[in-house]
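**Q**
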Ligand SMILES: [Fe+2]
């Protein structure tokens, strides 16, 4: 076995830095650190603990470049940015079977305050990350600042929105899916993937490495703790439970692929150990609490769902959408969520999940209306059960935060979207993409028709960006932050629209 030394890794990385960047990876960013090339991250904050993450990867796009042996990594957590007042330190082992990633739960911290952290291995130091613990349980909280982001197709554009997100003042970033895209190399886009469609652990790892080399994404991770749930592209477009997009691979092959995809996903984000995949299963649904102000339930609408009853595209509504056997969350996750609803009520109950819940009826001139049936619009019995549980527990401040569709949407959730007299259950804000679908445009005729046909929808916009949410005991404000282009770097950010929900009225008003 080769003895791994500081010198051997540094020699290797020095050699790498003079290698020409080959075709498929032509536009990837050069790492700013020879060993911690993928930056640092933190996540899933509790009042007394937070997860911190990094990976040793001197050759990130080709399997990482580490020898197949354990490497000790030291970590430190400080109360100050200069890392002078260290409050915790320790050592952990980076292992080859988890791609030399490090995830450490740092406990014994004070609630509701910033901490800074860094790693050290083989004589090299990582960048310093900043994180923040959650406020003390059941304590009153005056303000909570969240961002919601998703859909960062590397080929479609630059992560300028992440650069702006990193400059916000946030307690937490919720990332609601499509952290990577699994597909192969496409030409004539802003940037290029580094390989064909990913289906093996090695290929998914290299794809995460490509994405995480991006300096804007690294900046967003280093600035705030994140809590992430995947959508479909972390595995395969539009997959549903055990069913892949095309059906060609068969169940056994697809589950092997899903296991590889979940393993790479787990390795590259700061999940708590409870999320560690067991084969093709990964426990992603979980709850984060922010004092008595807000409880965030992160949901998984892909792993446990039954196949789309009415197809995966804009389709006519079919009878199977009403089938009570069709499920978005699966029986166990549904039962878990409704039990959470029955617990002590926070001022705001947040559902952070992938696909839009609100109805988006799309009229056409030459036939019945269409609905996008990969979303909750295709699982009507499941949506009715969710709404019945919300109604039963009389949740006062329900807010759904969703993604997936690469457009911004704001609307109210109603037990019956077709009945103007139906009461308001809560609000939903759908985050556009960071980069997916490229530059986009403010408004498109086909989408405006949806707004006009659905009185519960207040807003639509088709540019790239993220949501910034400011939460107080009295009101929830969502700012739709957008950038005018992602096909080249450097776009400015602006607030395209803001909406406010007053907790008592549940009404959504332009703010
Ligand atoms: Fe997406």
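In this note's numbering, the protein residues as written are 57 to 567.
Backbone N, C-alpha and C define an ideal beta-carbon position, used for all residues, glycine too.
Is residue 506 helix, strand or coil when you go by DSSP?
**A** Your numbering for residue 506 matches position 450 in the chain shown. Helix, per DSSP.
**Q** With a cut-off of 5 Å, give the chain-ordered residues whose Cβ is closer than this to any heavy atom of ligand 1.
**A** Ordered along the chain, the selected set is 207, 234 and 492.
**Q** Flag this pair as yes or no: are the beta carbons of residue 175 and residue 247 separated by less than 9 Å?
**A** As a first step, residue 175 must be located in the chain shown, where it is residue number 119. As a first step, residue 247 must be located in the chain shown, where it is residue number 191. For residue 175 and residue 247, no; Cβs fall outside 9 Å.
**Q** By a C-beta neighbour count over all protein chains shown, 10 Å radius and 16 as the cutoff for buried, is residue 334 buried or exposed?
**A** Position 278 of the chain shown, counted from the start, is the residue given in the question as residue 334. By the neighbour-count rule (16 or more Cβ atoms within 10 Å), residue 334 is not buried but exposed.
**Q** Just verifying my parser: in three-state terms, what is the DSSP assignment at residue 485?
**A** What you label residue 485 is simply residue 429 of the chain shown in a count that begins at 1. In the structure shown, residue 485 sits in a strand (DSSP, three-state: E or B).
**Q** Do you know offhand how far residue 555's Cα is from residue 534's?
**A** Numbered from its first residue, the chain shown carries residue 555 at position 499. Numbered from its first residue, the chain shown carries residue 534 at position 478. For residue 555 and residue 534, the distance between alpha carbons rounds to 5 Å.
**Q** Helix or strand or just coil, what does DSSP make of residue 446?
**A** Numbered from its first residue, the chain shown carries residue 446 at position 390. Residue 446: helix per DSSP, three-state reduction.
**Q** Grouping DSSP H, G and I as helix and E and B as strand, with all else coil, what is residue 369?
**A** Walking along the chain shown from the start, residue 369 turns up at place 313. It is coil, neither helix nor strand.
**Q** Three-state secondary structure (DSSP) at residue 500?
**A** To locate residue 500, count along the chain shown from 1; it is residue 444. Residue 500: coil per DSSP, three-state reduction.
**Q** Starting from residue 539, follow its DSSP beta bridges and name the residues at the other end.
**A** If you number the chain shown from 1, residue 539 lands on position 483. Paired residues: 520.
**Q** Can you have a look at residue 381 and say buried or exposed, based on whether 16 or more other CB atoms are within 10 angstroms of its CB?
**A** Within the chain shown, the letter at position 325 stands for residue 381. Residue 381 comes out exposed.
**Q** Going by the CB atoms, is the gap between residue 201 and residue 559 shorter than 9 Å?
**A** Counting from 1 along the chain shown, the entry for residue 559 is found at position 503. Counting from 1 along the chain shown, the entry for residue 201 is found at position 145. Not a contact, by the Cβ cut-off of 9 Å.
**Q** Is it a yes or a no for the region 441-451 touching the region 484-502, going by three-plus beta-carbon pairs under 8 Å?
**A** Short answer: they don't touch.
**Q** To the nearest angstrom, report how far apart residue 90 and residue 269 are at their CA atoms.
**A** By one-based count along the chain shown, residue 90 stands at place 34. By one-based count along the chain shown, residue 269 stands at place 213. Cα-Cα distance, rounded: 12 Å.
**Q** If you draw a straight line from the alpha carbon of residue 529 to that of residue 350, how long is it in whole angstroms?
**A** Sequence index remark: in the chain shown, residue 529 carries index 473 (1-based). Sequence index remark: in the chain shown, residue 350 carries index 294 (1-based). If you take the alpha carbons of residue 529 and residue 350, they lie about 9 Å apart.
**Q** Curious, which full-length alpha helix (DSSP H) runs of at least 4 residues does the region 85-151 contain?
**A** Counting whole runs of 4 or more residues, the region 85-151 contains no alpha helix (DSSP H) stretch at all.
**Q** Going by the CB atoms, is the gap between residue 197 and residue 171 shorter than 9 Å?
**A** Within the chain shown, residue 171 is the residue found at index 115, counting from 1. Within the chain shown, residue 197 is the residue found at index 141, counting from 1. No, they are not a contact pair.
**Q** Between which two residues does the beta strand (DSSP E) carrying residue 243 extend?
**A** Here residue 243 corresponds to residue number 187 of the chain shown, with the count starting at 1. No beta strand (DSSP E) holds residue 243; DSSP gives it neither H nor E.
**Q** Going by C-alpha to C-alpha distance, which of 517, 244, 467 and 518 sits closest to residue 564?
**A** Reading the chain shown from its first residue, position 508 is the one you call residue 564. Ranking the options by Cα distance to residue 564, first place goes to 467.
**Q** Taking residue 145 as the reference, which of 495, 454, 163 and 156 has the closest Cα?
**A** By 1-based counting over the chain shown, the position of residue 145 is 89. Selected option, being the one with the closest Cα: 163.
**Q** Roughly how many angstroms separate the alpha carbons of residue 226 and residue 190, rounded to a whole number?
**A** If you number the chain shown from 1, residue 226 lands on position 170. If you number the chain shown from 1, residue 190 lands on position 134. Approximately 12 Å, taken between the alpha carbons.
**Q** According to DSSP, is residue 568 part of a helix, a strand, or is it coil?
**A** Residue numbering for the chain in the displayed model covers 57 to 567; residue 568 lies beyond these limits and cannot be assessed.
**Q** Under a three-way DSSP split, which group does residue 216 fall into?
**A** Walking along the chain shown from the start, residue 216 turns up at place 160. Helix.
**Q** Any idea which residues DSSP pairs residue 434 with across the strands?
**A** For this step, residue 434 is matched to residue 378 along the chain shown. The partner list for residue 434 (beta bridge, DSSP) is empty, contrary to what the question assumes.
**Q** In chain order, which continuous runs of the alpha helix (DSSP H) of length 4 or greater are located wholly inside the region 257-337?
**A** Taking only runs of at least 4 residues, the alpha helix (DSSP H) segments lying wholly in the region 257-337 are 257-268, 271-279 and 307-324.
**Q** Name, in chain order, the residues that DSSP records as bridge partners for residue 172.
**A** Residue mapping note: residue 172 aligns to position 116 of the chain shown, counting from 1. In DSSP, residue 172 forms a bridge with 134 and 186.
**Q** Please state the DSSP three-state secondary structure of residue 81.
**A** Against the chain shown, residue 81 aligns to sequence position 25. Annotation note: pLDDT 39 at residue 81 (below 50); position unreliable, coordinate value reported separately. If DSSP states are grouped into helix, strand and coil, residue 81 belongs with the helices.
**Q** Give me the residue from 97, 393 and 288 with the minimum Cα distance to residue 445.
**A** To locate residue 445, count along the chain shown from 1; it is residue 389. The residue with the shortest Cα to Cα distance from residue 445 is 393.
**Q** For residue 342, name the three-state secondary structure that DSSP assigns.
**A** Here residue 342 refers to the residue found at position 286 when the chain shown is read from its first residue. In the structure shown, residue 342 sits in a strand (DSSP, three-state: E or B).
**Q** Do residue 99 and residue 281 count as a contact pair if the criterion is CB distance below 9 Å?
**A** The count along the chain shown starts at 1 and reaches residue 281 at position 225. The count along the chain shown starts at 1 and reaches residue 99 at position 43. Against a cut-off of 9 Å, the Cβ pair of residue 99 and residue 281 comes out as a contact.
**Q** Going by beta carbon distance, what residues of the same chain come within less than 8 Å of residue 420, once the five residues before and after it are set aside?
**A** Against the chain shown, residue 420 aligns to sequence position 364. Result list for residue 420: 426, in chain order.
**Q** Identify which residue in 543, 519, 546 and 514 has its Cα closest to the Cα of residue 567.
**A** Translated into positions along the chain shown, residue 567 becomes position 511. Minimum Cα distance to residue 567 is reached at 514.
**Q** Name the residue from 403, 338, 133 and 208 whose alpha carbon lies nearest to the alpha carbon of residue 186.
**A** Here the question's residue 186 lines up with position 130 in the chain shown. Closest by alpha carbon: 133.
**Q** In terms of residue numbering, what span does the alpha helix (DSSP H) encompassing residue 394 cover?
**A** The residue labelled residue 394 in the question sits at position 338 within the chain shown. Segment 387-398, the alpha helix (DSSP H) holding residue 394.
**Q** Under 9 Å between the Cβ atoms of residue 275 and residue 262?
**A** Indexing the chain shown from 1 puts residue 275 at position 219. Indexing the chain shown from 1 puts residue 262 at position 206. For residue 275 and residue 262, no; Cβs fall outside 9 Å.
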